[in-house]
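**Student:**
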Amino acid sequence: VERCVLALTNENSWVLDPFAGVGSTVIAAIINNRNALGIEKEADYCKIAKQRISDLNEGKLKIRPINKPIHKPSGNDKVSQVPKDWMQLELDNVNGKYNGISHKK
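Residue numbers for the sequence shown follow UniProt numbering, beginning at 1 and rising by one.
#1: Helix, strand or coil: which one does DSSP assign to Ala29?
#2: Can you tell me whether Arg64 is buried or exposed? The criterion is at least 16 other CB atoms within 10 Å of its CB, across all chains shown.
#3: Exposed or buried, Ala7, counting other C-beta atoms within 10 Å across all chains shown (16 or more means buried)?
#4: Among residues of its own chain, excluding the 5 on either side of Ile70, which ones have a beta-carbon nearer than 7 Å to its beta-carbon?
#5: How big is the Cα-Cα spacing for Lys62 and Leu56?
Here it is as structure tokens:
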């Protein structure tokens, strides 16, 4: 989102997000010296967005810098491995234990 804000607007421009959600576009605009207006109909999302903007203004919001490379986990990292209990679910599915389907003759 931040790259779009930078590419499509100038400093002090207005950014309108009619589906603001938790405020990511508004936050990107604020960080990059733009004015922003976010519209969101869901009260829960508005509450989260307001808290995130408040945290940003207080310097408490964790933000990944735009120039920081994205972490690409190797196959050995835990985050890239399939949990063992999921493997059993897949085996059960293949063996027809779900949906009343049997693959055996």
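From the three backbone atoms N, C-alpha and C, an ideal C-beta is built for every residue, glycine too.
**Tutor:** Put simply:
#1: In the sequence shown, the residue the question calls residue 29 occupies position 29. Residue state, collapsed to three classes: helix.
#2: Numbered from its first residue, the sequence shown carries residue 64 at position 64. Arg64 is exposed by the Cβ-count criterion.
#3: Working through the sequence shown from its first residue, we reach residue 7 at position 7. Classification for Ala7: exposed.
#4: What you label residue 70 is simply residue 70 of the sequence shown in a count that begins at 1. Within the same chain, Ile70 has no close Cβ partners at all.
#5: Position 62 of the sequence shown holds residue 62. Position 56 of the sequence shown holds residue 56. Between Lys62 and Leu56, the C-alpha separation is close to 8 Å.
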